[in-house]
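Numbered according to the working numbering, the sequence shown terminates at residue 488, and the numbering increases by one at each position without gaps.
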Amino acid sequence: MKKAHKTKWVKALRSGRYKQNTDGLLLNDGSYCCLGVLALTLGAKFKTKGNEWDAVTVPVLDGEEIGQKKMRDGFLQQKVCGIPHPTQKKLANMNDDGKSFAEIADYIEANL
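What follows is the structure, encoded as C-alpha cells:
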C-alpha cells in the first residue's frame with residue numbers, strides 16, 4: 377500500500393468525522409465501513425442505485441463502479457492501492473465484528 381494512501385486513510389479513520397456501520401461501504405444515513413472510508417479518501421464519489429425500497433450506494437472511482445463483487449474480486453488490490461484481497465476481507469471482518477475505526481487504524485499502521 378502506498379504510504380500516502382495509508383496515511384490519509386488512517387487519519388480519516390481517527391478523525392471522528394465518519395460514523396461507522398457494519399452493513400456496507402456507505403449507507404443512506406451517511407455511515408461508512410472502514411473500506412468505504414478508504415474509497416472516499418482515494419477520491420471515490422458515491423452514487424445511489426435502485427429505488428427507494430431497494431437502494432444501494434456504490435463508490436465510483438475513475439468512472440468505474442466499485443461494487444461488492446469488484447471488492448471481492450480484489451479491485452482495491454489490482455487497481456488502486458495494493459491491498460491483497462485477504463487483507464481487505466480481514467479489515468471488513470474487523471469492522472463488522474465491532475472493532476472501532478481507531479482500532480482498525482492501529483491495525484493498518486502496524487500491518488500494512
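For each residue, glycine too, the CB sits at the ideal point set by N, CA and C. None of the values given here were measured: they were computed from a predicted structure.
How should threonine 417 be labelled, buried or exposed, when 16 other C-beta atoms within 10 angstroms of its C-beta is the threshold for buried?
Counting Cβ neighbours within 10 Å, threonine 417 comes out buried, since at least 16 surround it.
At which residues does the beta strand (DSSP E) containing threonine 424 begin and terminate? 421 to 425
Per-residue DSSP class, three states only, for leucine 411
Helix, per DSSP.
Measuring CA to CA, which of Leu488, Ile484, Phe477 is closest to cysteine 409?
Phe477
- Query: Given a threshold of 16 other Cβ atoms within 10 Å of its Cβ, counted over all protein chains shown, does asparagine 471 qualify as buried or as exposed?
  - Reply: buried
Taking 8 Å as the threshold (C-beta atoms), are threonine 433 and leucine 467 in contact? no
Notebook entry, point to check: In three-state DSSP terms, what is leucine 401?
Noted result: coil
As a quick exercise: from Thr383, Thr424, Lys423, Asp473, pick the residue whose alpha carbon is nearest that of asparagine 397.
Nearest option by C-alpha distance: Asp473.
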